[in-house]
Amino acid sequence: QEAHAAEMERTFIAIKPDGVQRGLISEILSRFERKGFKLVAIKIVVPSKDFAQKHYHDLKERPFFNGLCGFLSSGPVVAMVWEGEGVIKYGRKLIGATDPQKSEPGTIRGDLAVVVGRNIIHGSDGPETAKDEIKLWFKPEELVRYTSNAEKWIY
Ligand code: RTP
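Heads up, the working numbering is the position in the sequence shown plus 31, with the first residue counted as 1.
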């Protein structure tokens, strides 16, 4: 068994059904990619309602929980794991505030969305949720370990 250097920080990012249907997959991918973050897992899936409820379990007491889970399971979602220094916090910055009316221009939601129930993207909000969400959405072997040529110019 080979020894690995300390792993880079990872976050779970999902393009919700509205982002997929609106043709925003490449737009969103390129914002993370151009920043210098590394894509280590990606797939497109239609989550079941049960799965969506697992993903959003923290919000189960909220009035919008049922609608939110219904929406997440209503169509294809692009699930991803992105890696890089500070990717959890900075990923949230790229995404922008939860309510697109409050997200700054230049952010994904600020530039591309209008209402909170259709805010096109999800990103883990901390190291613990990142770990849990990656585990929920991906099998360990779906995460790819590789060195990108750009890394030596990014770090
Ligand atoms: P996310 O988890 O999707 O990145 O969003 P977030 O942390 O910025 O926001 P959170 O409070 O965790 O809410 C999760 C998702 O629930 C929907 N939402 N709807 N008042 C509403 O109708 C309402 N509030 C939140 C949003 O889609 C939000 O992203």
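Glycine included, each C-beta is placed from N, C-alpha and C at the ideal position.
inquiry  = Quick check: is any heavy atom of the ligand RTP less than 7 Å from the C-beta of phenylalanine 43?
reply    = No, since every heavy atom of the ligand RTP falls outside the 7 Å radius drawn around the Cβ of phenylalanine 43.
Exercise. Just list the alpha helix (DSSP H) runs in the segment 94-137, keeping only unbroken ones of 4 residues or longer that don't cross its boundaries, in chain order.
Key: 96-103, 118-126, all fully within the segment 94-137.
TODO: Could you check which residue in Lys69, Ala161, Glu40 has the C-alpha nearest to that of tyrosine 177?
DONE: Answer by Cα proximity: Lys69.
* Asked: Cβ atoms of isoleucine 165 and valine 109: under 8 Å apart, would you say?
  -> Remark: C-beta atoms of valine 109 and isoleucine 165 do not approach each other more closely than 8 Å.
Give the secondary structure of threonine 160 by DSSP, where H, G and I count as helix, E and B as strand, and everything else as coil. Assignment of threonine 160 by DSSP, reduced to helix, strand and coil, places it in the helix class.
| query | Can you give the Cα-Cα distance for valine 118 and threonine 160, rounded to whole angstroms? | reply | Going from the Cα of valine 118 to the Cα of threonine 160 covers about 13 Å.
So glycine 187 and tryptophan 113 are supposed to be a Cβ contact under 8 Å. How far apart are they, rounded?
Given that the chain is displayed from residue 32 to residue 186, the structure contains no residue 187 and the question cannot be resolved.
- [ ] Enumerate in chain order the residues of its own chain whose CB-to-CB distance from asparagine 97 is below 6 Å, with the five nearest sequence positions on each side excluded.
- [x] Within the same chain, asparagine 97 has no close Cβ partners at all.
Using CA atoms only, rank isn't needed, just tell me which of Phe43, Gly115, Ile59 is closest to lysine 183.
When each option's Cα is compared against that of lysine 183, the closest is Gly115.
If you pair each beta-carbon of the segment 130-138 with each one of the segment 42-49, do three or more pairs fall below 8 Å?
Verdict: no, contact absent.
| said: I'd like to know whether the C-beta atoms of asparagine 150 and proline 131 end up nearer to each other than 8 Å. | reply: With contacts defined by Cβ atoms closer than 8 Å, asparagine 150 and proline 131 form a contacting pair.
Sequence ranges, alpha helix (DSSP H) only - wholly within the segment 141-186, length at least 4 = Entirely contained in the segment 141-186, the alpha helix (DSSP H) runs reaching 4 residues are, in chain order, 158-168, 182-185.
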